[in-house]
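Per the UniProt record's numbering: the sequence shown = residues 1 to 338.
All C-beta atoms, glycine included, are put in the ideal place defined by N, C-alpha and C.
Remarks on the structure that follows.
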Amino acid sequence: MDRRQFLLAGSSLAAALPFGARAQEAIPARIGYIPIIGTAPIFVANGEGWLKQAGIAPAFTVFESGPNMIQALASGTIDLYVAGVAPLAVARSRGVDIRVVASTATGENVFVAAPALAKFFTTGTSAAAAFKAHKAATGKPARLATQPAGSVPNTVLQYWLWEVAKADKGDVEIVPMGIDATQQAVLAGAVEGAIVREPALTIIQTRNPGIKLIAGGEDVFPGQPGTVVAVSGAFATKNPDAVQKLVSSLVKAADVLVKTPAKAAPHVGAALGKGIVDPALIEKALTSPATRFEIDPRKIIEPARAMQAYQVKLGSLEKELPFDGLFETQYYERAIKG
């Protein structure tokens with residue numbers, strides 16, 4: 001056999017081999033995310049090299065809120081969504097094939113008061129009374145920043161105000177804005193309070209200790225569902241093995257985040273802090289009371305239903321939408337068995 005015949009024979013043999021026996025090409029994955037600590041598992045999985053081992057080549061794009069990401073999902077410009085669960089049932093009702101394959105964090109959204117409002121939250125004073133006292137003293141309702149209507153932060157803020165605190169609607173004003181703008185507005189005193197998530201909570205309290213944590217995640221919405229990883233139907237159908245490996249890597253990442261946050265902090269800081277936030281601050285945010293990593297999507301299905309029902313009550317959603325096909329738990333179930 002001459003050299004040409006040898007090479008041709010080798011090419012024919014390679015073509016006959018199953019895909020797994022040949023060098024596997026990396027699968028491009030366009031990942032949209034919001035800049036909060038709840039997204040940390042995906043960045044730890046990437047930083048530890050587990051996405052690469054799964055055959056995934058990620059390209060990350062940051063968004064200001066989950067609702068803002070829905071258009072990108074609808075147009076097919078992202079494959080993975082890493083943000084709050086609330087907008088996804090709405091997206092499916094509009095024909096967007098999106099599937100939640102993992103949770104990442106729960107109870108993330110907390111309410112903080114800037115110093116001008118915090119001074120009214122004294123021992124024994126109810127939240128409703130504090131808001132009323134602020135208005136009596138200033139002549140103006142307290143301005144409270146949160147993300148747009150339909151988002152998890154907006155929904156939980158309204159639940160806490162109207163259902164838990166029983167605040168008078170004339171005593172507060174809800175101001176929708178993006179995540180970064182919310183952080184800056186609280187620090188600048190442009191708003192009197194806000195719903196924030198980590199690392200914003202740690203950042204603003206470090207810069208101004210007068211900013212007070214008023215209500216934790218369980219206080220503002222019991223069982224509060226938070227950030228999830230969802231994949232487009234097209235991506236899941238074409239790359240089921242990659243999705244399985246992705247979820248398995250998220251399980252490992254959560255373990256790192258809980259047990260060795262110092263190891264996880266550089267990966268998270270590189271993504272969320274763009275290298276300019278002190279790694280010690282990121283590590284502190286990872287161990288904050290407002291940070292609860294949870295990958296099991298089964299645990300947030302019923303809380304997500306409750307949140308959707310409240311969105312209907314608020315009028316931000318016309319009617320309750322079916323969850324059929326929204327949650328695909330089999331990837332997580334296989335991951336923990338493996």
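Since G32 is in the beta strand (DSSP E), which residue starts that stretch and which ends it?
Its beta strand (DSSP E) spans residues 27-33.
Taking the alpha-carbon positions, what's the S316 to A149 distance?
Distance between the alpha carbons of S316 and A149: 6 Å.
Can you give the Cα-Cα distance for A40 and R334, rounded to whole angstroms?
Going by the C-alpha atoms only, they are around 22 Å apart.
Quick one, which of N46, V256, G325 has its alpha-carbon nearest G55's?
The option with the nearest alpha carbon to G55 is N46.
Determine the burial state of V229: buried for a count of at least 16 other Cβ atoms within 10 Å of its Cβ, exposed for fewer.
With 16 or more other Cβ atoms from the protein chains shown falling within 10 Å of its own Cβ, V229 counts as buried.
Which residue or residues does DSSP assign as beta-bridge partners of K212?
BP columns for K212 point to A113.
Taking the beta strand (DSSP E) that S288 falls in, what are its first and last residues?
Neither: S288 is in no beta strand (DSSP E) and is coded neither H nor E.
Is it the case that the Cβ atoms of V247 and W160 are separated by a distance below 7 Å?
No Cβ-Cβ contact shorter than 7 Å links V247 with W160.
Find the nearest neighbour of A26 within the set N154, E163, K337, K245, judged by alpha-carbon distance.
The option with the nearest alpha carbon to A26 is K245.
From what residue to what residue does the beta strand (DSSP E) around F60 run?
Element bounds for F60: 56-62.
Taking a contact to mean a Cβ-Cβ separation below 7 Å, would you say A142 touches K212 in this structure?
Cβ distance not < 7 Å, so A142 and K212 don't count as in contact.
Tell me the DSSP bridge mates of A185?
None, per the DSSP bridge assignment.
Extent of the continuous beta strand (DSSP E) run through L144
From DSSP, the beta strand (DSSP E) with L144 extends over 142-146.
Can you find the residues in the same chain that come closer than 7 Å, C-beta to C-beta, to R3, ignoring five residues on each side of it along the sequence?
Confidence in R3 is poor, its pLDDT being 43 and thus under 50, which makes the residue's placement unreliable; the coordinate value appears in the next sentence. So the list is empty, once near-sequence residues are dropped.
Compute the Euclidean distance between the alpha carbons of G223 and A57, then round it to the nearest angstrom.
One C-alpha to the other measures close to 34 Å.
Taking the continuous alpha helix (DSSP H) assigned at G47, which residues delimit it?
40-47 is the extent of the alpha helix (DSSP H) around G47.
Taking the alpha-carbon positions, what's the residue 363 to I98 distance?
Because the chain in this structure spans residues 1 to 338, residue 363 falls outside the shown range and cannot be described.
Taking the C-alpha atoms as reference points, what is the distance between L321 and A253?
Each residue's alpha carbon lies about 32 Å from the other.
In angstroms with no decimal places, state the Cα-to-Cα distance between V243 and L51.
Cα to Cα, V243 sits roughly 10 Å from L51.
Please state whether DSSP places R99 in a helix, a strand or coil.
Strand at R99.
So, is P67 buried or exposed, given that buried needs 16 or more other C-beta atoms within 10 angstroms?
Buried, since its Cβ has 16 or more Cβ neighbours within 10 Å.
Measuring only the C-alpha atoms, how far is S75 from T291?
Cα-Cα distance, rounded: 32 Å.
Report all residues from its chain with a CB closer than 7 Å to the CB of V258; omit the five preceding and five following residues, and keep chain order.
Sequence-distant partners of V258 (beyond 5 residues in either direction) whose C-beta falls short of 7 Å from its own C-beta, in its chain, are F293.
So, with DSSP's three-state summary, where would you put P67?
Assigned with DSSP and collapsed to three states, P67 falls in helix.
Would G217 be called buried (16 or more neighbouring beta carbons within 10 Å of its own) or exposed?
Buried, by the Cβ-count rule.
Whether F63 touches I34 by CB criterion (7 Å)
Contact flag set, yes.
Give me the Cα-Cα distance between K169 and I336, rounded to the nearest whole angstrom.
The alpha-carbon of K169 is positioned some 46 Å away from that of I336.
Since I believe P225 is in contact with V110 (beta carbons under 8 Å), could you give me their beta-carbon distance rounded to a whole number of angstroms?
Going by Cβ atoms, the distance from V110 to P225 rounds to 15 Å, so no, they are not a contact pair.
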